[in-house]
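Novice:
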Amino acid sequence: MENSLRNDFLSAMSRACCTVNIVTTDGPAGRSGATVSAMSSVSADGAAPTLLVCLHQNSATAQAMRDNGSFCVNVLRDSQSAISDRFAGRQDTIDGKFAGAAWETGSTGAPRLNGGLVAFDCRVASEQKIGTHHVFIGEVVAISTEDEGLPLIYSGRAYGRPARLDAARGCTA
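For the sequence shown, our numbering assigns the number 104 to the initial residue and increments by one for each residue that follows.
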């Protein structure tokens, strides 16, 4: 790919807004986790709802998810940027990524963050390598929600929080 197209793509994508998530896994391949912004619903219909997450090909978490066959997507609250930084490798932690936060074990065995906004416990339904990333499709087997709150978002290469939307107004696009 042409380098200028790649740079234009990265610059343009930085204008998009996305939630910040920690994807975790545990099992025979061990416990692992990573910060991801590439997470989206796929379908609410079928045998089970599905979602997707994308991880870099060199990610130890991608290999562990494949081998463990399960993962949990933990959607972070607007006050949890330090957890995102820890799992993104931006903070050196002697105790490891999972230190400094409380975790429970989900039904698939993947760690679920206590106090996160939402957690989707998933079994790996399929995986495909596209370019430098692995795209995992997960069948959702359990959903955990905490008290209402706002998600941590990422846009313009910075964390933020959305303005609370007035559901009564609806959308007039």
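Virtual Cβ for every residue (Gly too), placed ideally from N, Cα, C.
For clarity, every value in this text was computed on a predicted model and none was experimentally measured.
(1) Quick one: using the 10 Å Cβ neighbour count with 16 as the cut-off for buried, is F223 buried or exposed?
(2) With distances taken Cα to Cα, identify the nearest neighbour of V244 among Y257, I233 and R226.
(3) In angstroms, rounded to a whole number, what distance separates the CA positions of T248 and R109?
(4) Using CA atoms only, rank isn't needed, just tell me which of L113, N106 and R118 is closest to G263.
(5) Would you kindly check if the distance between the Cβ of A132 and the Cβ of D188 is under 8 Å?
(6) What's the C-alpha gap between T138 and T208?
(7) Using only the alpha-carbon positions, how far apart do M142 and L155 sit?
(8) In the DSSP assignment, the alpha helix (DSSP H) including N282 goes from what residue to what residue?
(9) Taking the continuous alpha helix (DSSP H) assigned at R189, which residues delimit it?
(10) Beta-carbon within less than 6 Å of D200's beta-carbon, same chain only, minus the 5 sequence neighbours each way: which residues are those?
(11) Quick one: grab the DSSP three-state call for S201.
(12) Mapping the DSSP letters down to three states, classify D181 as helix, strand or coil.
(13) Give me the Cα-Cα distance between I240 and S107, rounded to the nearest whole angstrom.
(14) Return the first residue and the last residue of the alpha helix (DSSP H) that S107 is part of.
(15) Could you check the C-alpha separation between V145 and A261 for me, to the nearest Å?
(16) Distance check for V221 and P152, CA to CA, integer angstroms please.
(17) What separation, rounded to the nearest whole angstrom, lies between the Cα atoms of W206 and E105?
Specialist: Let me lay it out:
(1) buried
(2) R226
(3) 37 Å
(4) R118
(5) no
(6) 18 Å
(7) 5 Å
(8) The shown model of the chain, from 104 to 276, leaves out residue 282, and the question about it has no answer.
(9) S184 to F190
(10) In the sequence on display, residue 200 carries Lys and not Asp. Closer than 6 Å at the Cβ level, and outside the excluded window around K200, lie G136, R189 and F190.
(11) One point to set straight first is that residue 201 is Phe, not Ser, in the sequence displayed. In this structure, F201 counts as coil in the three-state DSSP scheme.
(12) coil
(13) 31 Å
(14) N106 to M116
(15) 26 Å
(16) 15 Å
(17) 43 Å
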